[in-house]
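Peer 1: Structure below; questions to follow.
Chains as they are written, first to last, in our numbering: chain A, 289 to 588; chain B, 289 to 588.
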């Protein structure tokens with residue numbers, strides 16, 4: 289692993305998160321204007337790292353573009369991510385009552401409102417993607433390309449297909465290749481879309497976009513592997529269970545399949561691959577490099 | 289009411305429905321490729337009059353455009369309509385077990401699959417709207433305008449907002465103005481979008497689009513009023529209940545608010561307004577005229 293550069297990731301993330309939150313507040317329906325407006329705001333403003341928007345904006349910067357041109361898309365990706373969480377939390381799905389320490393949407397409101405506010409956020413995302421607002425410098429055909437990429441990533445061949453596969457896999461131990469495929473669809477596809485659409489909007493070349501796609505695939509998986517590792521190491525009781533009786537766990541994890549040491553090794557390799565994919569980029573890709581290193585440092 | 293022209297509406301509807309169904313079969317994920325693909329196909333191909341696609345294509349023709357340029361949009365509107373039915377039928381919403389005589393999606397599959405296949409159809413609609421396939425003759429900025437209009441009509445200020453209002457109104461008698469507002473959002477917005485986007489894609493002028501919008505608003509409401517009338521006249525037992533104890537009905541209807549005779553009068557007036565809005569169009573708008581007359585004839 290290279291030594292960390294003199295780049296203040298924490299300040300960068302805070303500034304980008306602020307930019308994204310400011311735009312979200314402006315775009316969401318006004319508070320108290322209707323019950324659905326309240327439910328939409330409640331879920332979107334419940335916190336979150338804004339990972340997809342930040343990656344989108346960082347990719348725009350990496351190819352020398354203007355972040356203003358990618359802000360609508362960055363925010364649309366967060367709306368899509370939020371809708372997917374609302375629907376995944378529903379009783380018919382994961383049946384979660386808490387998210388980020390707050391009641392989930394169907395608990396704070398009701399199930400019908402949660403279903404409809406998820407639908408409304410997904411729809412608003414596409415309204416935003418097709419809006420001229422904030423993307424005056426971007427040609428219309430490029431915006432169409434972005435909408436197509438986001439829809440494909442969020443749809444039945446991407447995120448939704450991954451959620452279906454996740455439900456089907458619950459309670460069963462699945463093979464590494466199927467676990468990888470599931471994550472590539474469920475979370476990888478939208479992370480990939482965030483980075484490639486950022487690059488498209490920033491005017492990146494086909495070669496730059498190809499390199500960034502490789503970066504995206506690797507950090508998407510690295511995030512998942514690291515999450516699985518932290519889940520194990522964060523709680524020795526869970527770890528014991530995971531090591532001893534993986535088959536009794538609801539969901540298959542990397543440590544359960546590969547063991548802890550090999551999972552860490554795998555995560556390092558993925559981050560290394562992501563950094564290698566950025567080799568031809570100049571210092572404008574430093575935020576993307578710092579994000580990749582941050583993933584690695586989480587599990588040391 | 290003018291005398292009916294020599295236009296074979298039945299043949300026209302059949303030919304357009306065939307065109308739409310052929311395109312749908314090609315665009316939906318292959319049967320048996322996955323559980324979600326099966327659920328999407330099941331719901332979309334369960335029948336239906338394809339009203340929104342037909343109106344979209346007829347509007348394209350009315351302004352002298354090519355229907356091939358509107359086919360993606362026509363089909364996307366049907367995907368959005370179908371997703372809204374799947375979600376409306378869910379136990380947390382209207383809790384319907386049958387639609388068009390067949391088990392609803394969550395009954396035929398399961399609730400999680402129904403939620404996700406609705407999400408997938410909505411997402412696929414936007415993927416299609418942004419796809420160059422079948423719209424080679426349409427400039428990209430016009431396609432963006434169409435995507436924006438469809439999203440706005442389907443979102444929290446349109447169809448979804450109308451469904452929220454419908455749920456809130458259930459069991460309460462609401463005033464005529466609120467009933468009208470509810471229908472304009474719940475079904476009117478998407479019918480309106482079908483017609484205006486058809487006109488946009490066909491290269492209609494701003495004035496033509498304005499006239500078609502007026503046509504759309506009037507036939508959207510006329511459809512609803514006629515539906516309410518047929519529900520009453522189709523079953524005298526229901527009619528007795530509706531006339532005597534409107535407040536005990538789950539949903540407010542036009543006959544309950546206005547009485548049967550005045551509802552028929554109102555429906556005629558709306559159809560008359562729709563035909564007047566088409567006055568400046570030539571015979572290429574005959575399909576739209578015939579559709580408006582058909583609504584009127586239903587309740588004679």
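The beta-carbon is built from N, C-alpha and C at its ideal position, and this holds for glycine as well.
Report all residues from its chain with a CB closer than 7 Å to the CB of residue 363/B; omit the five preceding and five following residues, and keep chain order.
Peer 2: Position 75 of the second chain, counted from the first residue, corresponds to residue 363/B. Result list for residue 363/B: 308, 311, 312, 315, 341, 416, in chain order.
Peer 1: Our contact map puts residue 483/B next to residue 504/B with C-beta atoms below 8 Å; I'd like the distance itself, whole angstroms only.
Peer 2: As a position in the second chain, residue 483/B is number 195, starting the count at 1. As a position in the second chain, residue 504/B is number 216, starting the count at 1. Yes, residue 483/B and residue 504/B are in contact; Cβ-Cβ is about 4 Å, under 8 Å.
Peer 1: So which of 413/A, 405/A, 562/A, 391/A has the shortest CA-CA distance to residue 375/A?
Peer 2: In the first chain, residue 375/A corresponds to position 87, counting from 1. Answer by Cα proximity: 405/A.
Peer 1: Report the residue from 338/A, 319/A, 585/A, 429/A whose alpha carbon sits nearest the alpha carbon of residue 303/A.
Peer 2: Your numbering for residue 303/A matches position 15 in the first chain. Selected option, being the one with the closest Cα: 338/A.
Peer 1: Would you list, in sequence order, the uninterrupted beta strand (DSSP E) runs of no fewer than 3 residues that lie entirely inside the stretch 490-569 of chain B?
Peer 2: None, since the stretch 490-569 of chain B contains no complete beta strand (DSSP E) of that length.
Peer 1: With DSSP as the reference, label residue 280/A as helix, strand or coil.
Peer 2: There is simply no residue 280/A to check, as chain A begins at 289 and stops at 588 in what is shown.
Peer 1: Do you know offhand how far residue 576/A's Cα is from residue 380/A's?
Peer 2: For this step, residue 576/A is matched to residue 288 along the first chain. For this step, residue 380/A is matched to residue 92 along the first chain. Per the coordinates, the alpha-carbon of residue 576/A lies some 37 Å from the alpha-carbon of residue 380/A.
Peer 1: Run through chain B and tell me which residues come within less than 7 Å of residue 323/A, C-beta to C-beta.
Peer 2: Residue mapping note: residue 323/A aligns to position 35 of the first chain, counting from 1. For residue 323/A, the C-beta contacts it makes with chain B under 7 Å involve 452, in order along the chain.
Peer 1: By alpha-carbon positions, which one of 567/B, 402/B, 560/B ends up nearest to residue 582/B?
Peer 2: Taking the first residue of the second chain as 1, we reach residue 582/B at position 294. Closest option to residue 582/B, judged by alpha-carbon separation, among 567/B, 402/B, 560/B: 560/B.
Peer 1: Span of the alpha helix (DSSP H) holding residue 312/A?
Peer 2: By 1-based counting over the first chain, the position of residue 312/A is 24. 297-315 is the extent of the alpha helix (DSSP H) around residue 312/A.
Peer 1: At which residue ranges does the stretch 428-488 of chain A contain complete alpha helix (DSSP H) runs of 4 or more residues, listed in the order of the chain?
Peer 2: 428-442, 447-457, 464-471
Peer 1: Give the interface partners of residue 443/B over in chain A, defined as CB-CB distance under 8 Å, in chain order.
Peer 2: On the second chain, position 155 is the one that residue 443/B refers to. Neighbours of residue 443/B on chain A, chain order: 408, 411, 412, 415.
Peer 1: Quick check: is the beta carbon of residue 586/A nearer than 7 Å to any beta carbon in chain B?
Peer 2: If you number the first chain from 1, residue 586/A lands on position 298. So, not an interface residue.
Peer 1: Verify whether the separation of the beta carbon atoms of residue 319/B and residue 393/B is less than 7 Å.
Peer 2: Counting from one through the second chain, the residue named residue 319/B turns up at place 31. Counting from one through the second chain, the residue named residue 393/B turns up at place 105. Taking 7 Å as the Cβ cut-off, residue 319/B and residue 393/B do not qualify as a contacting pair.
Peer 1: Output yes if chain A places a C-beta closer than 7 Å to the C-beta of residue 375/B; else output no.
Peer 2: Against the second chain, residue 375/B aligns to sequence position 87. Chain A contact via Cβ: present.
Peer 1: For the stretch 469-479 of chain B against the stretch 435-455 of chain A, do three or more pairs of beta-carbon atoms, one drawn from each stretch, fall closer than 8 Å, so that the two count as touching?
Peer 2: no
Peer 1: Identify every run of the alpha helix (DSSP H) within the stretch 307-361 of chain A, keeping only runs that are complete inside it and at least 4 residues long; order them along the chain.
Peer 2: Counting whole runs of 4 or more residues, the stretch 307-361 of chain A contains the alpha helix (DSSP H) stretches 323-332, 339-350.
Peer 1: Report yes if the C-beta distance between residue 478/A and residue 441/A is below 7 Å; otherwise report no.
Peer 2: Counted from its first residue, the first chain places residue 478/A at position 190. Counted from its first residue, the first chain places residue 441/A at position 153. Cβ distance < 7 Å, so residue 478/A and residue 441/A count as in contact.
Peer 1: Quick check: the Cα distance between residue 300/A and residue 539/B, rounded to an integer number of angstroms?
Peer 2: Here residue 300/A refers to the residue found at position 12 when the first chain is read from its first residue. Here residue 539/B refers to the residue found at position 251 when the second chain is read from its first residue. Distance between the alpha carbons of residue 300/A and residue 539/B: 53 Å.
Peer 1: Spatial neighbours of residue 351/B within its chain, please: C-beta separation below 6 Å, excluding the five flanking residues on both sides.
Peer 2: In the second chain, the residue the question calls residue 351/B occupies position 63. 487, 490, 492, 496, listed in sequence order.
Peer 1: Given residue 467/B, which residues of its chain have a CB within under 7 Å of its CB, disregarding the five upstream and five downstream residues?
Peer 2: In the second chain, the residue the question calls residue 467/B occupies position 179. Contacts found: 540, 545.
Peer 1: What residue from 389/B, 390/B, 584/B, 385/B has the CA that sits closest to residue 399/B's CA?
Peer 2: Position 111 of the second chain, counted from the start, is the residue given in the question as residue 399/B. Out of 389/B, 390/B, 584/B, 385/B, 385/B has the C-alpha closest to the C-alpha of residue 399/B.
Peer 1: Along chain A, which residues have their Cβ under 7 Å away from the Cβ of residue 317/B?
Peer 2: Here residue 317/B refers to the residue found at position 29 when the second chain is read from its first residue. What residue 317/B touches in chain A: 444.
Peer 1: Mapping the DSSP letters down to three states, classify residue 397/A as helix, strand or coil.
Peer 2: Here residue 397/A refers to the residue found at position 109 when the first chain is read from its first residue. Correct three-state label for residue 397/A: coil.
Peer 1: What does the alpha-carbon distance come out to for the pair residue 387/B and residue 377/B?
Peer 2: On the second chain, residue 387/B is found 99 positions in, with the first residue counted as 1. On the second chain, residue 377/B is found 89 positions in, with the first residue counted as 1. Going from the Cα of residue 387/B to the Cα of residue 377/B covers about 8 Å.
Peer 1: Under 7 Å, Cβ to Cβ, is there at least one residue of chain A near residue 471/B?
Peer 2: Taking the first residue of the second chain as position 1, residue 471/B is located at position 183. Not one chain A Cβ lies under 7 Å of residue 471/B.
Peer 1: Between the C-alpha atoms of residue 552/B and residue 562/B, what's the straight-line distance to the nearest angstrom?
Peer 2: On the second chain, position 264 is the one that residue 552/B refers to. On the second chain, position 274 is the one that residue 562/B refers to. Going by the C-alpha atoms only, they are around 15 Å apart.
Peer 1: Can you grab the Cα-Cα spacing for the pair residue 323/B / residue 401/B, in whole Å?
Peer 2: In the second chain, counting from the first residue as 1, residue 323/B sits at position 35. In the second chain, counting from the first residue as 1, residue 401/B sits at position 113. The C-alpha of residue 323/B lies about 8 Å from the C-alpha of residue 401/B.
Peer 1: Leaving out the 5 sequence neighbours to the left and right, which residues in its chain are closer than 6 Å to residue 450/A when beta-carbon positions are compared?
Peer 2: To locate residue 450/A, count along the first chain from 1; it is residue 162. Result list for residue 450/A: 470, 473, 474, in chain order.
Peer 1: Looking at the C-beta of residue 528/B, does it have a partner C-beta in chain A at a distance below 7 Å?
Peer 2: One-based indexing of the second chain puts residue 528/B at position 240. Reliability of the predicted coordinates at residue 528/B is poor, the pLDDT of 39 falling under 50, and no value is obtained from them.
Peer 1: Could you check where the alpha helix (DSSP H) with residue 575/A kicks off and where it finishes?
Peer 2: Counted from its first residue, the first chain places residue 575/A at position 287. Looking at the DSSP string, the run of the alpha helix (DSSP H) that includes residue 575/A is 574-586.
Peer 1: Rounded to whole angstroms, what is the Cα-Cα separation between residue 578/B and residue 295/B?
Peer 2: Stepping through the second chain from its first residue, residue 578/B is reached at position 290. Stepping through the second chain from its first residue, residue 295/B is reached at position 7. Roughly 7 Å between the two C-alpha positions.
Peer 1: Flag residue 307/B as yes if its beta-carbon sits less than 7 Å from any beta-carbon of chain A, otherwise no.
Peer 2: Here residue 307/B is taken as the residue at index 19 of the second chain, counted from 1. Answer no: the Cβ-Cβ gap between residue 307/B and chain A never drops below 7 Å.
Peer 1: State yes or no: is the beta carbon of residue 380/A nearer than 7 Å to at least one beta carbon in chain B?
Peer 2: Position 92 of the first chain, counting from 1, holds the residue named residue 380/A. Judged by the 7 Å Cβ criterion, residue 380/A is in contact with chain B.
Peer 1: Which residue from 382/A, 572/A, 412/A, 586/A puts its Cα closest to that of residue 439/B?
Peer 2: For the purposes of this step, residue 439/B is taken as the residue at position 151 of the second chain. The shortest C-alpha separation from residue 439/B is found at 412/A.
Peer 1: If the cut is a Cβ gap below 7 Å, which residues of chain A does residue 429/B touch?
Peer 2: Translated into the one-based positions of the second chain, residue 429/B becomes position 141. Under the 7 Å cutoff, chain A gives 428.
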